[in-house]
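Visitor:
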Amino acid sequence: MTRTIARRVASLFGAGVLLCGLVACSQAAGDPGGGSPVPAPSSVSASATPTPTLTPSAKYKPASADGPAENVPVPVMPEEAKLESKEGLEAFARYWYELVNYGFETGDVEPIRAISGPDCKVCGTFYKMVGKGFENEDWIVGGKIDVQGVSSDYILTTEGRYQVLIQERQEEITFHGPGEIYGSYEGTEDSGVQMIEARHTGHEWFAENVVTITSPTK
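Per mature numbering (1 follows the signal peptide of the UniProt record, and there is no 0): the sequence shown = residues -29 to -1, 1 to 189.
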């Protein structure tokens, strides 16, 4: 992290930011580290991306210990998030995290993959965690990212990207299987900061990379 970014984070969000939910929760999905130990789900073979359970006109049902979420609406990109402007970039950042939350509920990461680059560091962690969490008949409860603040100086970098900072925190996440709980990772009241580096395609924004600026301390 450069000194410029560090100063910008401090001025935007204060010195107390600690949490980076997506990276922290990767530990709960089977990586070593903090949180409750979580055995890998029973199957050793990766399964295809699950199709969200969706019944026309049916009521949304959040995930619980009894089963995965049902009738989860796919977030729709607001028109503002397509604008090639500071406001458009900030709206895009909020939309990006809506797709993260959609992925945690449904196991479907294709919507966010469609607007994110292949070298996106945070994305890779997210895809892996959700993939493990939804193998076979398994599912995830929680993990929602609460976006608390978004800000961009809207200055073009030497790589041809614009940067936007996101202050966020993540709720507790639990990994479930039929009749059992694999483990969980506690949420935290502290906030963290991530940065999206995006470019505009002429039609909409595209997240080339998403990185962690501040990580949690437990």
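For each residue, glycine too, the CB sits at the ideal point set by N, CA and C.
In the DSSP assignment, find the beta strand (DSSP E) that holds residue 153 and state where it starts and stops.
Guide: Note, residue 153: beta strand (DSSP E), 151 to 156.
Visitor: Residues bridged to residue 178 by DSSP?
Guide: Answer by DSSP bridge pairing, in chain order: 87 and 169.
Visitor: Shortest alpha-carbon distance to residue 156 belongs to which of 163, 150 and 146?
Guide: Out of 163, 150 and 146, 146 has the C-alpha closest to the C-alpha of residue 156.
Visitor: Have a look at 162, 74, 94 and 44 and flag the residue whose alpha-carbon is nearest the alpha-carbon of residue 177.
Guide: Of 162, 74, 94 and 44, the residue nearest in Cα terms is 94.
Visitor: So, for residue 36: in the same chain, excluding its five sequence neighbours on each side, which residues have a beta-carbon less than 6 Å away from its beta-carbon?
Guide: Nothing meets the Cβ criterion.
Visitor: Would you say residue 33 and residue 70 are within 7 Å of each other, going by their C-beta atoms?
Guide: In this structure, residue 70 does not lie closer than 7 Å to residue 33 by Cβ.
Visitor: Using CA atoms only, rank isn't needed, just tell me which of 107, 54 and 61 is closest to residue 175.
Guide: Among 107, 54 and 61, the Cα nearest to that of residue 175 is on 54.
Visitor: May I have the straight-line CA-CA distance separating residue 42 from residue 103, to the nearest angstrom?
Guide: Cα to Cα, residue 42 sits roughly 21 Å from residue 103.
Visitor: Give the straight-line distance between the Cα atoms of residue 182 and residue 137, rounded to the nearest whole angstrom.
Guide: Rounded to whole angstroms, residue 182 to residue 137 spans 10 Å at the Cα level.
Visitor: Nearest-angstrom Cα distance between residue 169 and residue 113?
Guide: Answer to the nearest angstrom: the Cα atoms are 27 Å apart.
Visitor: Do the stretch 77 to 97 and the stretch 114 to 124 make contact, defined as three or more Cβ pairs closer than 8 Å?
Guide: With a cut-off of 8 Å, the stretch 114 to 124 and the stretch 77 to 97 do not count as touching, because too few Cβ pairs lie within range.
Visitor: With DSSP run on the structure shown, which of helix, strand or coil describes residue 93?
Guide: If DSSP states are grouped into helix, strand and coil, residue 93 belongs with the helices.
Visitor: Can you tell me which residues form a DSSP beta bridge with residue 140?
Guide: According to DSSP, residue 140 bridges with 117.
Visitor: Where does the unbroken alpha helix (DSSP H) through residue 68 begin, and where does it stop?
Guide: Start and end: 57 to 77.
Visitor: With burial defined as no fewer than 16 other Cβ atoms inside 10 Å of the residue's Cβ, what is the status of residue 39: buried or exposed?
Guide: Counting Cβ neighbours within 10 Å, residue 39 comes out buried, since at least 16 surround it.
Visitor: Quick one: what does DSSP say residue 1 is sitting in, helix, strand or coil?
Guide: Reliability fails at residue 1, whose pLDDT of 38 lies under 50, so the model's placement of it is uncertain and no value is given.
Visitor: On a Cα-Cα basis, can you pick out the residue from 81, 108 and 162 that is closest to residue 97?
Guide: That would be 81, whose Cα lies nearest to the Cα of residue 97.
Visitor: Starting from the Cα of residue 44, find the closest Cα among 29, 118, 131 and 167 and give me that residue.
Guide: That would be 29, whose Cα lies nearest to the Cα of residue 44.
Visitor: Check whether the Cβ atoms of residue 142 and residue 163 sit closer than 7 Å, and answer yes or no.
Guide: Result no, Cβ atoms of residue 142 and residue 163 do not sit closer than 7 Å.
Visitor: Within the same chain, show all residues whose beta-carbon is closer than 6 Å to that of residue 108, passing over the 5 residues directly before and after it, in chain order.
Guide: So the qualifying residues of the chain are 149.
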